[in-house]
Each structure stands twice: as C-alpha cells, then as structure tokens.
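Start counting the sequence shown at -14; every next residue gets the next number (this note's numbering). Even for Gly, the Cβ is constructed at its ideal location relative to N, Cα and C.
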Amino acid sequence: MNARLSKFSAMCFLALMTACARGQLKPDANTPATTGCAGQESLCWDFEDGTVPAGWTPHRDEFNGQLLVDDTRAHSGRYALHARQLSGGKEGTQGGPKKTLRFDLPAHFGPVLWGRAYVYTTPERPASHAGLFSARYPRPGSADRAFDTLDWYEVATYQQKYMAIWHPPEPPGFPEWVLVSGTPLVLDGWACLEWLFDGANGSHPEAAEPRMWLDGVELEWPERFVFSDPPTTVPPVREKATDFTVLETGVVLYQGLSVPTDWWIDDLAVGPRRIGCGQGHPPR
Ligand SMILES: [Ca+2]
C-alpha cells in the first residue's frame, strides 16, 4: 500500500468511514448523502441533495431536453445530474442542444485545475461535438470577469471519441486548439474522466495543452488541429492563467443531435491536485 492510500484509508477510518466505503457500493435508495470524494482541498458535488447544488445556476438552454438532478441513475448514492433526452438540429450542421449549469469558483482558486467526473452516456455515441465540462479564466492583465471575456479549457466528445480543447473567449471561442483521442467514449457504463488544465505551465510562455484520463489511463491525441471559421492554420496563443474563475457542466452540442440522448454526471470534483477515481481506483 502506498502512502497516498494509507493516508486516504486513515482519513476514511477517522472521519469518513461510511462515506468512503459507500463509493464502492451499488447505488442504493436508502444510502444517505455522501461527498463522493474525500479530498479536503477539492470542491465536490455528488448531487445527493436531489436538486441542483448550491452555487450552480442555469446557463445554456437550447433545443430539446432537460437538465436536472434526479434519481434515474447514479454513480454514488441515489442522485446524479441528468441531461435527459437531448435532441435538436442535424449532424454536420452548426447548432445543437445545449443544457448547462455554471458555477463561480471561490477567489484565488489558482491557475491549475484538476477535475474528475463520472459520466454515463446512452443509447448511442454522438458524432457531434458534445462538451461535458469547461473551466474559464480571465485573460492576462485583463480586469474583465464577464463569462464571454474568459479564456477556457474544455473536455468533450467528438466523432464518438474523447476530446479536449483550449479556447479563446466565446463567442466565438475559436481559433481553438483541438486534441482528439483515438478512444471511443464509454457507452452504457460509467466512465471515470479526469482532466488537468494547467494554466500556469511553469516557465513555459503559454498555458499547457489540456490532458485527460479515462479510468486512470491518460488519453493520447492522434488528431491535433486548429479549428476556426473561417479556417486558419495558425494555432491560438494559449494565454496563461492566474486564477480559474468559472466552471460549466452539463452537455453542449455544437452541432445537431438527431438521436435523443441521455447523459448522467455524478461525483464531479475540482481541485488544485489530482483527485483520482476513488478508493478503488487510485491514480496510476
Ligand atoms: Ca450521486
């Protein structure tokens, strides 16, 4: 057993024994609320209040479907965030269903954001760009804090595979630096997604490319390109971060979705250090 596990186990025993153990159990309607993560420096949302958690507010609402907290499927406990029956628009055409919440981070979060969420998708893998989580930060030297003035990182799926992106402010959100994995998104099962948005990147002149892990294994990016409209081959300068300020989660389809699709997101967590997939899945 490594030191990290020992420390984690000790924490479980001392303070969170039932809560930590619960992460290993099947969802149970009788299970009381749990944090879904034990990291004391992380912000965690397990949705066990059965309603949208404090601090999260509706942000995008386009086309068909609903974003709500319900008990139709959960990774932990009884509840999860559910993007229900999203549809609208056509594949290959801009515009699609968007249902999200946003959350203002506490001041001085810092320039490095690790994240973790469990995501369940059914019944088909969308081909269109489906954003799942993003985090934004002010441009260097800028006093602007409005949502549409912020640089941002995103984790998503695209052409049925996992994808990560660095964006300038949206709109338009491009030219953007796009990384597409060779890994199909997990269908009809829970996927543990982790990401690292390193907006500091040591002494490098630009913020780091996003990194992403599936069930503890880091994804590789065989496809890397600049997307812009009109097209360009000039990559954006990834401006460095001082503090991440805003999170967004839910599902954002940038092109159409003809098959009504459901997503559940549970045990969402962010923090300045890696959170991992839980007691049974320590970081590799
Ligand atoms: Ca839950």
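| Asked | Found |
| --- | --- |
| For Asp173, I'd like the list of residues in its chain whose CB is within less than 6 Å of its CB, leaving aside the five on either flank, ordered along the chain. | Thr107 |
| Could you tell me which whole beta strand (DSSP E) segments of length 3 or greater appear in the region 132 to 175? | 136 to 143, 146 to 152, 161 to 169 |
| When the Cα atoms are used, what is the spatial distance from Tyr143 to His114? | 4 Å |
| Does DSSP put Ala115 in a helix, a strand or coil? | strand |
| Please state whether the Cβ-Cβ distance between Ala312 and Ala226 is less than 9 Å. | Because the chain here runs from -14 to 269, residue 312 falls outside it and cannot be looked at. |
| Candidates Leu28, Phe182, Val219: which alpha carbon is nearest Leu90's? | Leu28 |
| So, for Glu26: in the same chain, excluding its five sequence neighbours on each side, which residues have a beta-carbon less than 6 Å away from its beta-carbon? | Gly256 |
| Val165 and Tyr138: beta carbons closer than 9 Å? | no |
| How about Leu52 and Trp30: are their beta carbons less than 9 Å apart? | no |
| By how many angstroms is the C-alpha of Thr36 removed from the C-alpha of Pro207? | 39 Å |
| Could you pull out every residue in the same chain whose Cβ sits closer than 8 Å to the Cβ of Gln70, ignoring the five residues on either side in sequence? | Asn49, Gly50, Gln51, Pro245, Thr246, Asp247 |
| Hey, would you say Val104 sits closer than 9 Å to Leu86, going by beta carbons? | no |
| Does the region 221 to 238 come within contact of the region 53 to 63, defined as at least 3 CB pairs closer than 8 Å? | no |
| Kindly confirm or deny that the region 153 to 168 and the region 177 to 187 touch, where touching means at least three C-beta pairs closer than 8 Å. | no |
| Drop a sphere of 10 angstroms on the beta-carbon of Lys75, count the other beta-carbons inside from all chains shown, and report buried for 16 or more, exposed for fewer. | exposed |
| Considering only C-alpha positions, which residue in the set Gly126, Pro190, Glu194, Gly201 is nearest to Tyr182? | The residue you asked about is not Tyr; residue 182 is Phe in the sequence shown. Closest by alpha carbon: Glu194. |
| Quick one: using the 10 Å Cβ neighbour count with 16 as the cut-off for buried, is Glu233 buried or exposed? | buried |
| At what residue ranges does the region 202 to 248 contain a whole run of the alpha helix (DSSP H), taking only runs of 4 or more? | none |
| Taking just the CA atoms, how far does Pro221 sit from Pro153? | 8 Å |
| Between Arg196 and ligand 1, is the CB less than 8 Å from at least one heavy atom? | no |
| Assign Asp34 to one of three DSSP states: helix, strand, or coil. | coil |
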